[in-house]
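Residue numbers (my numbering): 3 to 362. Backbone N, C-alpha and C define an ideal beta-carbon position, used for all residues, glycine too. Owing to the predicted nature of the structure, the values given are computational and were not obtained by experimental measurement.
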Amino acid sequence: MTTTPPDWAQRTAAAASRHAVMALVRTAAALMAGWSLYVVARHYGVPKGLALAAGLVFDGVAYLCLRASSDAIRAGRSAAPSILATLGMGAVSIYLNLVHARFTGGGRPAEVLYAAPAVGLLVVSAIAWNAARDEARAARGEAPFRLPSFGFWGWALAHGEATTAVRDQAVAHVTSGASPTHQPASALPARTAEDVIAAEFAEIGPAAAVQRVAAANPAATDSEIADTLATYQVTVTPTQVALLLDRAAVPTIRLDRLAKQPTADEHPALNPAHAMRGDAPQVSGMTKADAITTIARHLGGLNVEPAAVVQLLAVQGMSTDNAYVRTALGRARQAEAKAAVEAAAQTKQAERSSGTGFYP
3 MTTTPPDWAQ
13 RTAAAASRHA
23 VMALVRTAAA
33 LMAGWSLYVV
43 ARHYGVPKGL
53 ALAAGLVFDG
63 VAYLCLRASS
73 DAIRAGRSAA
83 PSILATLGMG
93 AVSIYLNLVH
103 ARFTGGGRPA
113 EVLYAAPAVG
123 LLVVSAIAWN
133 AARDEARAAR
143 GEAPFRLPSF
153 GFWGWALAHG
163 EATTAVRDQA
173 VAHVTSGASP
183 THQPASALPA
193 RTAEDVIAAE
203 FAEIGPAAAV
213 QRVAAANPAA
223 TDSEIADTLA
233 TYQVTVTPTQ
243 VALLLDRAAV
253 PTIRLDRLAK
263 QPTADEHPAL
273 NPAHAMRGDA
283 PQVSGMTKAD
293 AITTIARHLG
303 GLNVEPAAVV
313 QLLAVQGMST
323 DNAYVRTALG
333 RARQAEAKAA
343 VEAAAQTKQA
353 ERSSGTGFYP
């Protein structure tokens with residue numbers, strides 16, 4: 003079973019073949035021109051090294067002229083100076099080939115043989131320039147005028163009308179502005195600060211971008227961080243922001259007209275050992291976080307089991323669950339540790355100010 007290669011493979015093979023043939027033609031023309039220049043130079047007594055250097059310089063100049071012509075055509079600039087220079091170098095090469103043929107005594111066949119690579123290179127380059135010019139025009143949106151196809155009998159039997167129709171179409175094409183003579187390449191738009199930050203965020207990834215925005219604005223909520231990142235083409239949800247920042251979700255409280263039946267996970271069965279304690283502090287009027295820390299300290303400290311705190315709060319009519327109590331206790335422990343560090347720092351500073359502290 004035979005399979006047809008994909009289009010990209012065919013295009014790649016065609017481009018590789020074209021470049022290989024062009025390289026062969028250029029190499030042959032360069033070698034023939036260099037050889038002819040070397041032979042002519044040696045005929046007039048030029049040293050070998052200088053004659054070889056002259057051939058290399060000539061080939062280098064010819065290649066640069068060809069390259070400049072191709073670049074000017076692709077960029078939409080005027081290629082007339084480069085093309086004229088290329089034709090001049092080609093004419094010099096052909097003349098040297100003819101002189102070389104006369105020195106060898108080969109006659110007309112030798113002249114054609116020596117000049118063929120240079121002539122072939124000029125012909126192939128002209129065809130390539132036309133193709134590059136058409137591609138550049140298409141990229142700039144230019145539509146060059148093309149002759150209509152009337153056919154042989156149309157031109158033969160109605161040549162006057164055909165000529166008039168072609169002229170009218172040419173005038174309409176020129177006056178309509180469909181094909182401007184030149185469209186300069188538009189300048190690249192200036193990059194804004196948002197573009198620069200978006201490019202940097204795309205490089206470092208969403209996780210690092212979330213960390214950077216959170217560090218720049220510590221008071222921002224998860225939703226605000228997500229909205230800020232959206233302006234820089236980084237799509238994350240508030241939940242993803244909370245997970246990346248390792249933030250515990252605060253449970254929401256739903257207030258219904260009818261009391262919601264508690265589940266076993268949310269409100270475990272009351273422990274009589276805690277429910278019968280009459281010395282528990284009253285937490286009515288407190289915020290839920292303050293009530294949790296007050297009950298926890300009453301039960302022995304901030305490391306108490308959340309279930310015990312939930313039970314005593316339920317006795318006083320305050321509904322919560324283990325996850326929220328655990329989060330509140332963790333925040334309270336962090337605040338307590340921070341306060342202890344600040345107090346120690348203040349004490350140490352006071353000792354140094356009074357002269358009783360130790361200076362290293």
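Does DSSP put D323 in a helix, in a strand, or in coil? The three-state reading of DSSP puts D323 in coil, since its state is none of H, G, I, E or B.
Return the Cβ separation of K290 and T322 in integer angstroms, given the expectation that the two are a contact with Cβ distance under 8 Å. 6 Å
For the candidate residues G47, A55, G287, H102, whose alpha-carbon lies nearest to that of M34? H102
Taking all protein chains shown into account, decide if L86 is buried (16 or more other Cβ within 10 angstroms of its Cβ) or exposed. exposed
Within 9 Å, strictly: CB atoms of T233 and E196: yes
For V59, count neighbouring Cβ atoms within 10 angstroms of its own Cβ and tell me buried if that reaches 16, exposed if not. Around the beta-carbon of V59, fewer than 16 other beta-carbon atoms lie within 10 Å, marking it exposed.
Please return the same chain residues whose Cβ sits closer than 6 Å to the Cβ of V243, not counting the five positions on each side in sequence. Counting only Cβ-Cβ distances below 6 Å, and skipping sequence neighbours, we find V212, D224, I227, A228.
In angstroms with no decimal places, state the Cα-to-Cα distance between P283 and A310. 14 Å
Just to confirm, is the Cβ distance from G108 to L115 under 9 Å? Judged by their CB atoms, G108 and L115 are nearer to each other than the 9 Å cut-off.
Where does Y46 land, buried or exposed, given buried means 16+ other C-beta within 10 angstroms? exposed
On the CB-based measure, 16 or more other CB atoms within 10 Å of its CB, does Q12 come out buried or exposed? exposed
Any chain D beta carbon closer than 9 Å to G51: Going by chain labels, chain D is absent from the structure shown, which holds only one protein chain.
Taking the alpha carbon of V306 as the reference point, which residue from G319, A334, Q318 has its own alpha carbon closest? A334
Expected contact under 8 Å - CB spacing of I96 and A64 to nearest Å: The C-beta distance from I96 to A64 rounds to 12 Å, too long to meet the 8 Å contact threshold.
Near Q171, which residues of its chain fall below 8 Å by C-beta distance, leaving aside the five closest residues on each side in sequence? So the qualifying residues of the chain are F147, P150.
R69 in three-state terms, based on DSSP: helix
Nearest to S286 by alpha carbon, out of A316, V27, G303? A316
Whose CA, out of H161, A81, Q313, lies closest to the CA of A128? The shortest C-alpha separation from A128 is found at A81.
Span of the alpha helix (DSSP H), counted from its first residue to its last, around F154: 153-159
How many angstroms separate the CA atom of A346 from the CA atom of A204? 44 Å
Just how far apart, CA to CA, sit A218 and V176? 58 Å
From the DSSP output, in three-state form, read off E226 for me. It is helical.
Please classify T194 as buried or exposed, where buried requires at least 16 other C-beta atoms within 10 Å of its C-beta. Only exposed fits T194, as fewer than 16 other CB atoms lie within 10 angstroms of its CB.
Answer with buried or exposed for L26, where buried requires no fewer than 16 other C-beta atoms within 10 angstroms of its C-beta. exposed
So, for I75: in the same chain, excluding its five sequence neighbours on each side, which residues have a beta-carbon less than 8 Å away from its beta-carbon? Only A81, W131, A134, R135, A138 meet the Cβ criterion.
A210: buried (16+ other C-beta within 10 angstroms of its C-beta) or exposed? exposed
To the nearest angstrom, how far is it from the Cα of A246 to the Cα of G207? This sequence places Leu at residue 246; Ala is not what is there. Roughly 12 Å separates the two Cα atoms.
Taking just the CA atoms, how far does A140 sit from T166? When rounded, the distance between both Cα atoms is 28 Å.
May I ask you to report which of helix, strand or coil DSSP gives P150? The DSSP-derived three-state label of P150 is coil.
Using the rule of at least 16 other Cβ atoms within 10 Å of the residue's Cβ for burial, across every protein chain shown, is Q313 buried or exposed? buried
Helix or strand or just coil, what does DSSP make of A11? helix
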